Amino acid sequence: MNVKHLAVIETNATGHGVYALKVAHSLGYHPLFLTRDPSFYGEAWDDIARYAADIIRIDTYDVAAMDHCLRQREPVQGIIAFDDYHLLQAAELAAQRGLPHVNRAGLERCRNKYLTRKRLQEAGHHQPHYVVLTSTQPMPHESPFGYPCVVKPVDDSGSVGVTLCRTSVEFRQALERLRQRAVNVRGYHLAAQWLVEEYIEGPEYSAEFIWDQGAWHLLGLTQKRVSRPPYFVELGHGFPYVFADALHTRVVQQLDAWLAGIGLRGGAAHVEFRMRGEEPMLMEINPRLGGDLIPDLIHRVIGIDLVQQQLRWAMGEETPRCGDPVVYHGACAIRFIVPPRPGVIRAIHNTARTPHNPTDVVIRALPLTVGLATNSYERLGYVITCGESLYDAELSAENQMAALHFEWEA
295 MNVKHLAVIE TNATGHGVYA LKVAHSLGYH PLFLTRDPSF YGEAWDDIAR
345 YAADIIRIDT YDVAAMDHCL RQREPVQGII AFDDYHLLQA AELAAQRGLP
395 HVNRAGLERC RNKYLTRKRL QEAGHHQPHY VVLTSTQPMP HESPFGYPCV
445 VKPVDDSGSV GVTLCRTSVE FRQALERLRQ RAVNVRGYHL AAQWLVEEYI
495 EGPEYSAEFI WDQGAWHLLG LTQKRVSRPP YFVELGHGFP YVFADALHTR
545 VVQQLDAWLA GIGLRGGAAH VEFRMRGEEP MLMEINPRLG GDLIPDLIHR
595 VIGIDLVQQQ LRWAMGEETP RCGDPVVYHG ACAIRFIVPP RPGVIRAIHN
645 TARTPHNPTD VVIRALPLTV GLATNSYERL GYVITCGESL YDAELSAENQ
695 MAALHFEWEA
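For what it's worth, the working numbering labels the leading residue of the sequence shown as 295, then goes sequentially.
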């Protein structure tokens, strides 16, 4: 029997890698799951253990160690990662074996937000005003662009450390917090670089791309809902979003130009941007599938499982086609559950649950002591709804959120 080995390096907070193991199992692959810390996954570990044919505990930031380990299990036909912090390692290991992989130069430019800005600015693309700060230089007492401004790490994810600063005091405090964070929650050693950027007001969106037959293909745009400043916690998404005809064309052309300018090739891309009037302004380019269950929304609307698509691509197999143009069957929305106030939550009840309503999924075990959410890791769960239009789906999601009842410890 010809066993096809697929190595999955860690997974992201919303579980693409966990689901990928299940899909890999269903496709007849022999999935190997590499992780440095099984305890990070909490309740999700049971599913990982169920679907992984082999679990390898190893330093997943050490390419040489993983290379040695995988060579004991050769041949490996595919290597993939779904979280930001292991994309480069997966690409390097795959490249060493001549397997499908995302190009390293494109990954490096996307993974470092300063390099993204620099590359696109040099290519003639209008960027927000920005400056990079490093640990080797004195920290400024004032923002070079005035206020409000945004301070962010160059290589973290999940909105962690991204702060809107309205005053010089907030600016200095935000920089000091970043300087104190050398290692993040995933054990990733952060670069000692931080971006200060002009704050761009306006609604936020993302574009979802997959690489197929040597080119990028746009699946659609996602409307995003973000928490009020000073933090930028993503609270919900709706797919697909379509601008008015002429504007939509201009936005798509700009998205294509950004991807061409950054030089990313392979895998998937999740491009986040805001609209300043009718001008799209880039926030960041993520060289992976969108997080926050956006692929789940897309699957329901266009019928393509993007996780399966990425696995097949990594294994060098033919991938499902999305069609040109993409055909949408209705729309979907997701809303994330966040603590409405600090305290101890004993339970969350869905008072509107019926067989026809979506089910809220509480990701974290309760009871739980919570504060106000400042990043994606501090959300509690989500609700997904579908409808004939995006308006219908989002209205249903809002109604479901309003029906949630928090039970607090006295």
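Cβ coordinates follow ideal geometry from the N, Cα and C atoms, glycine included. A quick note: this is a predicted structure, and the numbers were derived from the prediction, not measured.
If you look at R473, you'll find it in the alpha helix (DSSP H) that goes S462 to Q474.
Taking the C-beta atoms as reference points, I352 is found no nearer than 8 Å to A301. Nearest in C-alpha terms to N406, of all of H511, D449 and L515, is D449. Scanning its chain for C-beta atoms nearer than 6 Å, with the 5 sequence neighbours on each side dropped, one finds around A468 the residues V445, T457 and C459, in chain order. Excluding the 5 residues flanking it on each side, L401 has same chain C-beta neighbours closer than 8 Å at L381, L382, A385, L558 and P581, in chain order. Per the coordinates, the alpha-carbon of H435 lies some 26 Å from the alpha-carbon of V527. The beta-carbon distance between D331 and G481, rounded to whole angstroms, is 7 Å. This is short enough to meet the 8 Å contact definition.
Around the beta carbon of P574, a 10 Å sphere encloses 16 or more other beta carbons of the protein chains shown; the residue is thus reported as buried.
Contact between the region 338-357 and the region 630-637 is absent, with fewer than three C-beta pairs closer than 8 Å. Shown here, A301 sits in a strand according to DSSP, grouped into three states.
Of R673, Q547, N693 and A338, the smallest CA-CA separation from S453 is found for R673.
In the three-state reduction of the DSSP assignment, I352 falls in the coil class. In this structure V621 is exposed. Its beta-carbon is surrounded by fewer than 16 other beta-carbon atoms within 10 angstroms. Between R473 and the set W510, L576 and G455, the nearest pair of CA atoms involves G455. Taken atom to atom, the span from the alpha-carbon of G322 to that of F439 is near 55 Å. Here the C-alpha atom of I588 lies approximately 7 Å from the C-alpha atom of H531. Measuring C-alpha to C-alpha distances from H511 to each of A399, E502 and P497 identifies E502 as the nearest.
When the five nearest sequence neighbours on each side are left out, the beta carbons in the same chain lying within less than 6 Å of the beta carbon of R411 are those of Q421 and Y424, in order along the chain.
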